[in-house]
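**Student:** Following the numbering used here, the numbering of the sequence shown begins with 379 at its first residue and continues without gaps. Each residue gets a CB set at the ideal place from its N, CA and C atoms; glycine is no exception.
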Amino acid sequence: MVNACLITGVNQFVYVSSVAALGRASGDDDPITENTIWVESKYNSAYATSKYLAEQEVWRAQEEGVQITMVNPGIVLGYGDGTSGSNEIYHMIKKGQPVYPVGSNGFVGVEDVAKMMLLLFENNHWGSRFLCVAETIEYKKLFFQLSEAMGQKNPRIALKGSVLWLAYQLARSAEFLGIPFPIPSDNIITSYKKSVYQSINHNLLDGFQYTPIRAVNYYALLALGLLHKDLINQNN
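See below:
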């Protein structure tokens, strides 16, 4: 993409990366910000590494005269294909998910990601990085909210200790054999980490407000036909 921009004369673009490209905070209680520096770690997934390497190419474009801005969304939720990407969580919960991770992560609605990109482009915010995280939420809280919204039983088994180890081994075996598994093995390893995100550049986005994740999930489940009928009736 970078080479295509240089060849065709495209001199501005907003690049969507991921919070995963920032790696892990230096301390367990430290928030991840736009200034967090990537450090090699066993907790960096293959996905995170690929995002980090992609960013290096984008910054190269800036060195060659292209104006760029980096957007790092958290886990993106919302209306769309409910069977792939992060939206798989909806169908996973609908089928009955017995376990929940004990960590936390940053989440954001897909429409908010698009709105932020447009705002940054229209206001010429070039040469900076912007976290795009509406809320940092514990997986347990998120899984319980989704279960209740779909009329399912709440997950009851915490993914830690021996359960975490067993899930990791099963995922690795499935990957080796080419068998589908709900969660990649490297995501299982990081699922117990309590990642917290804090934007230090948000004040530059005058008037930008995030949609609460509960509302994002409500409208996504409604559009996907997964929302429990009692909740539909309550909001009519």
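#1: Could you check whether the Cβ of histidine 580 sits closer than 7 Å to any heavy atom belonging to the ligand ADP?
#2: With DSSP as the reference, please indicate the residues paired to arginine 507 in a beta bridge.
#3: In the DSSP assignment, find the beta strand (DSSP E) that holds alanine 536 and state where it starts and stops.
#4: When the distance is taken between beta carbons, is lysine 429 closer than 8 Å to alanine 398?
#5: On the DSSP bridge list, what partners appear for tryptophan 483?
#6: Helix, strand or coil, according to DSSP, for isoleucine 557 in the structure here?
#7: Between the Cα of asparagine 532 and the Cα atoms of Val444, Ile471, Asp407, which residue gives the shortest distance?
#8: Using the C-alpha atoms, what's the distance from asparagine 483 back to alanine 545?
#9: Decide if asparagine 614 is buried, meaning its Cβ has at least 16 other Cβ atoms within 10 Å, or exposed.
#10: For proline 409, which residues in the same chain have their Cβ closer than 8 Å to its Cβ, ignoring the five residues on either side in sequence?
#11: Once DSSP output is grouped into helix, strand and coil, what is the label at leucine 496?
#12: For a test of the three-state rule: what should DSSP assign to asparagine 614, helix, strand or coil?
#13: What span of residues does the alpha helix (DSSP H) with isoleucine 567 cover, start to end?
#14: Give the list of continuous beta strand (DSSP E) stretches no shorter than 3 residues that lie fully inside the stretch 382-422.
#15: Looking at the unbroken beta strand (DSSP E) that takes in isoleucine 467, where does it start and where does it end?
#16: With respect to the beta strand (DSSP E) encompassing isoleucine 453, which residues constitute its N-terminal and C-terminal limits?
#17: Which value, in whole angstroms, describes the spacing of the CA atoms of asparagine 389 and alanine 536?
#18: With the cut-off set at 8 Å, would you say proline 479 and tyrosine 517 are in Cβ contact?
#19: How would you write the range of the alpha helix (DSSP H) that threonine 427 sits in, first residue to last?
**Tutor:** From the atom records:
#1: Looking at this structure, you won't find the ligand ADP or any other ligand, since it has none at all.
#2: Met448
#3: 535-537
#4: Against a cut-off of 8 Å, the Cβ pair of lysine 429 and alanine 398 comes out as a contact.
#5: Correcting the residue identity first, residue 483 is asparagine in this sequence and not tryptophan. Partner(s): Ile515.
#6: coil
#7: Ile471
#8: 19 Å
#9: Note that asparagine 614 scores 48 on pLDDT, short of 50, meaning its location in the model is unreliable and no value can be drawn from it.
#10: Cβ within range, chain order: Ala403, Val574, Tyr575, Gln576.
#11: helix
#12: Reliability of the predicted coordinates at asparagine 614 is poor, the pLDDT of 48 falling under 50, and the value obtained from them is presented with this limitation in mind. Here asparagine 614 carries a coil assignment [DSSP, helix/strand/coil].
#13: 563-568
#14: Those beta strand (DSSP E) runs which fall completely within the stretch 382-422 and span 3+ residues are 390-394.
#15: Careful: isoleucine 467 lies outside any beta strand (DSSP E), inside the alpha helix (DSSP H) at 466-472.
#16: 453-455
#17: 49 Å
#18: yes
#19: 424-441
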